[in-house]
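These notes concern the structure reproduced below.
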Amino acid sequence: GEDVEQSLFLSVREGDSSVINCTYTDSSSTYLYWYKQEPGAGLQLLTYIFSNMDMKQDQRLTVLLNKKDKHLSLRIADTQTGDSAIYFCAEGSGGYQKVTFGTGTKLQVIP
Amino acid sequence: SQTIHQWPATLVQPVGSPLSLECTVEGTSNPNLYWYRQAAGRGLQLLFYSVGIGQISSEVPQNLSASRPQDRQFILSSKKLLLSDSGFYLCAWSPSRSYNSPLHFGNGTRLTVT
């Protein structure tokens, strides 16, 4: 079945850039998503990219997709303490929007 | 605009007791609806999804069931809770007839079975 993998933790200093990486196995993935989860809350959709795109930029967020290597990354420029959260990578490839989530990367921003 | 509501936010229930978690969506018609469980603050497991009233698909056999009595209402139930049912339950929706649209999540219900 589909599998999405992420590293569990990332620690950066405030003001630096954060890069969160994700790999997936399903070559038929059509959309790839990044979600943010703050403590005790639901998941907030940050951004998503079509599989026929290489890059998408949205303010401080840059998503890079290497479809050949099935590698997705999320770059957060000028990371702030409010960016501390768990970030989930997800891929959609099945019918009825069956979305597979990674295990999440916990981003810690050090002031 | 569309909104999704889940309640209760937190719940503590004894083993063997019943469960009913409710989710409603506003501002859209005939959404696809989903129940996910997140254990230990980590990965999400899809439990059920529904593409219409009375249509429920189960992804994982377990102690839980789901129902969709109205177009924008999705209910997660159990007749007898187990300790292993503890977790964070998330409801989500996506537009119908829209292939691979993003899921939009509610704020979740923290269930502790004691």
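In the order they appear, the protein sequences are chains V and D.
The opening residue of the first sequence carries number 47 in the working numbering; numbering runs sequentially from there.
The opening residue of the second sequence carries number 955 in the working numbering; numbering runs sequentially from there.
The beta carbon of each residue, even a glycine, is placed where N, CA and C say it ideally should be.
In terms of beta-carbon proximity, asparagine 1061 of chain D lines the interface with chain V, with at least one pair separated by less than 8 angstroms.
Within the segment 64–104 of chain V, the complete beta strand (DSSP E) segments of 3 residues or longer fall at 64–70, 77–83, 89–96, 101–104, listed in chain order.
Contact fails between the segment 102–121 of chain V and the segment 962–978 of chain D, because fewer than three Cβ pairs, one in each stretch, are under 8 angstroms apart.
One thing to note: aspartate 124 of chain V has its Cβ no nearer than 8 angstroms to the Cβ of valine 155 of chain V. Taking a Cβ-Cβ cut-off of 7 angstroms, the neighbours of threonine 149 of chain V in chain D comprise Arg996, Gly997, given in sequence order. Between the beta-carbon of glutamine 126 of chain V and that of glutamate 60 of chain V there is about 6 angstroms, and that keeps the pair under the 8 angstroms contact cut. When C-alpha distances from lysine 1034 of chain D are compared across D:Pro985, D:Ser1019, D:Pro1023, the shortest belongs to D:Ser1019. Contact of glycine 88 of chain V with chain D is assigned, a C-beta pair being separated by under 8 angstroms. In the structure shown, the three-state DSSP call for threonine 127 of chain V is helix.
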